[in-house]
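Residue numbers (the numbering used here): 99 to 389.
Backbone N, C-alpha and C fix where the C-beta goes; we use that ideal spot for every residue, glycine too.
Structure first, commentary second.
This is the structure we're talking about:
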């Protein structure tokens with residue numbers, strides 16, 4: 099599938115900032131276009147779960163050095179909400195998939211949609227995404243290390259919330275305060291009963307309204323609602339069809355920690371970076387789940 103080749107170009111190639119005019123395609127986009135022309139085009143392979151009804155957009159803030167405001171990453175994530183399923187994913191990834199599928203379905207020339215696909219892909223920060231299947235009471239968590247894709251299945255989290263005094267206005271909604279402890283961090287959350295959906299960003303859910311803001315005590319991880327809307331007609335919640343390594347939460351966490359501590363030493367049956375002459379320094383890593 100040629101779109102896999104495009105994803106690999108986006109995810110593992112280092113691209114310097116463009117210095118040419120906006121209309122000039124970057125070398126990576128030129129490579130994508132050539133890949134398209136040399137392969138049979140097809141839409142992204144997916145298992146459709148159900149139609150999407152609503153979308154909640156969150157600004158995500160992540161500080162890779164604990165208790166330190168710098169450096170910082172900010173980007174947009176989206177919670178898709180269906181009748182019995184939800185999906186939490188980087189908006190850039192969702193948008194790139196949509197641009198890709200539209201380009202293939204409408205028969206556009208690659209020059210027409212590859213730049214948009216590339217731009218959307220680059221705006222994505224996290225490779226992980228989460229699928230909640232309420233009928234089955236389970237959660238599927240997806241992530242990637244280099245070119246290896248992983249999945250683990252767990253029960254849908256049930257945080258123990260304490261509703262406490264406090265009101266605020268967030269994204270135009272009247273909100274109330276709650277607290278919880280989850281996976282080693284203490285959180286303050288704000289939720290609105292004006293949107294009576296008990297969901298929120300990441301794995302947080304179970305309050306008497308949509309979570310509009312949540313942050314840990316040190317504000318290493320912050321999620322703030324930016325907007326809520328009905329989903330476009332025809333949008334679906336889906337699972338991408340890929341070759342996943344099945345694992346557990348604990349094993350995936352350890353694999354990510356090992357990779358971040360020694361990027362040059364990452365090795366699996368599919369990928370073997372061991373022995374590279376150019377060593378990569380450790381990457382700062384401050385996972386949202388400490389336990």
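Local Cβ density within 10 Å of residue i, reported as buried at 16 or more and exposed below that
i: residue 305; result: buried
i: residue 210; result: exposed
i: residue 101; result: Since pLDDT at residue 101 reaches only 45, below the 50 mark, its modelled position is unreliable, and no value is offered.
i: residue 299; result: buried
i: residue 188; result: buried
i: residue 127; result: buried
i: residue 397; result: With the chain represented from 99 up to 389, any question about residue 397 goes unanswered, as that position is not in the structure.
i: residue 120; result: Model confidence at residue 120 stands at a pLDDT of 44, short of 50, so the residue's coordinates are unreliable; what they give is reported in the following sentence. The residue is exposed, with fewer than 16 neighbouring Cβ atoms inside 10 Å.
i: residue 132; result: exposed
i: residue 331; result: exposed
i: residue 310; result: buried
i: residue 307; result: buried
i: residue 130; result: buried
i: residue 228; result: buried
Where residue i falls: helix, strand or coil (DSSP)
i: residue 380; result: coil
i: residue 214; result: helix
i: residue 272; result: strand
i: residue 361; result: helix
i: residue 238; result: strand
i: residue 201; result: helix
i: residue 324; result: strand
i: residue 149; result: strand
i: residue 266; result: strand
i: residue 318; result: coil
i: residue 340; result: coil
i: residue 277; result: strand
i: residue 386; result: coil
i: residue 188; result: strand
i: residue 157; result: strand
i: residue 260; result: strand
i: residue 305; result: coil
i: residue 420; result: Outside the displayed span of the chain (99 to 389) sits residue 420, for which this structure offers no information.
i: residue 293; result: coil
Nonlocal neighbours in the same chain, by C-beta distance under 6 angstroms from residue i, ignoring five residues either side
i: residue 381; result: 358
i: residue 312; result: 285, 287, 302 and 321
i: residue 226; result: 241
i: residue 213; result: 127
Beta-carbon proximity list for residue i, same chain, < 7 angstroms, skipping 5 on both sides
i: residue 378; result: 361 and 362
i: residue 184; result: 177, 178, 230 and 297
i: residue 145; result: 336, 337 and 339
Same chain, Cβ closer than 8 angstroms to residue i, neighbours up to 5 away in sequence not counted
i: residue 151; result: 179, 180, 181, 328 and 329
i: residue 388; result: 281, 282 and 283
i: residue 163; result: 169, 382 and 384
i: residue 276; result: 259, 260, 261, 262, 286, 287, 288, 289 and 305
i: residue 206; result: 200
i: residue 156; result: 174, 175, 176, 177, 299, 321, 322, 323 and 324
i: residue 165; result: 316 and 318
Residue span of the beta strand (DSSP E) that contains residue i, given as start and end
i: residue 142; result: From DSSP, residue 142 is part of no beta strand (DSSP E); its letter is neither H nor E.
i: residue 287; result: 283-290
i: residue 253; result: 246-253
i: residue 177; result: 171-180
i: residue 230; result: 227-231
Residue i CB to nearest heavy atom of the ligand NAP below 8 angstroms
i: residue 200; result: This structure does not include the ligand NAP; it has no bound ligands of any sort.
Query raised in the report: Do the segment 251-259 and the segment 230-243 meet, that is, are 3 or more Cβ pairs less than 8 angstroms apart?
Result: Short answer: they touch.
Query raised in the report: Counting Cβ pairs closer than 8 angstroms, one from the segment 218-226 and one from the segment 261-272, do we hit at least three?
Result: Between the segment 218-226 and the segment 261-272, the count of Cβ pairs shorter than 8 angstroms is below three; the stretches do not touch.
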